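Engineer: So that we are looking at the same thing, I have put the structure below in C-alpha cells.
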Amino acid sequence: MAPRADPELWRHFVEDDKDAKCRYCGAKIKKAVTSNMWRHLQRFHHSCVVFKKHNIRTSK
Ligand SMILES: [Zn+2]
Numbered sequence: 001m002a003p004r005a006d007p008e009l010w011r012h013f014v015e016d017d018k019d020a021k022c023r024y025c026g027a028k029i030k031k032a033v034t035s036n037m038w039r040h041l042q043r044f045h046h047s048c049v050v051f052k053k054h055n056i057r058t059s060k
C-alpha cells in the first residue's frame with residue numbers, strides 16, 4: 001500500500017499505477033512528489049481547491 005501523505009490532497013487525485021492522476025484533467029504526476037501535486041492543483045485548478053493549510057508558493 002502506498003502511503004497517503006495527505007487525504008486532502010487525495011481528494012483531487014486518483015491512484016494510477018505508480019502515479020497520481022488528476023481528477024480534473026487527467027494529468028499524471030509522480031505521487032511521491034506531493035508538492036508537485038499541490039502545485040498542479042494550484043496552477044490549473046485553483047478554483048476547485050481550497051488551499052487552506054498548504055501554502056505552496058509558485059514563483060512566476
Ligand atoms: Zn489537473
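Position 18 (the sequence shown) corresponds to 18 in full-length UniProt numbering; numbering is contiguous.
Yeah, the Cβ is synthetic: ideal placement off N, Cα and C, and Gly gets one too.
Just so it is clear, the structure is predicted and the values come from calculations on it, not from any experiment.
Determine the burial state of Ala20: buried for a count of at least 16 other Cβ atoms within 10 Å of its Cβ, exposed for fewer.
Structural biologist: Position 20 of the sequence shown, counted from the first residue, corresponds to residue 20. By the 10 Å Cβ count, Ala20 comes out buried.
Engineer: When DSSP labels each residue in this structure, what does Cys25 get in the three-state scheme?
Structural biologist: By 1-based counting over the sequence shown, the position of residue 25 is 25. Coil.
Engineer: Could you check the C-alpha separation between Gln42 and Asp17 for me, to the nearest Å?
Structural biologist: Residue mapping note: residue 42 aligns to position 42 of the sequence shown, counting from 1. Residue mapping note: residue 17 aligns to position 17 of the sequence shown, counting from 1. Those two C-alpha atoms are separated by around 23 Å.
Engineer: What separation, rounded to the nearest whole angstrom, lies between the Cα atoms of Val33 and Gly26?
Structural biologist: As a first step, residue 33 is located in the sequence shown; it is residue number 33 there, counting from the start. As a first step, residue 26 is located in the sequence shown; it is residue number 26 there, counting from the start. Their Cα atoms are separated by approximately 17 Å.
Engineer: Do you know how far the Cα of Asn36 is from the Cα of Ile29?
Structural biologist: Reading the sequence shown from its first residue, position 29 is the one you call residue 29. Reading the sequence shown from its first residue, position 36 is the one you call residue 36. Rounded to the nearest angstrom, the two C-alpha atoms are 7 Å apart.
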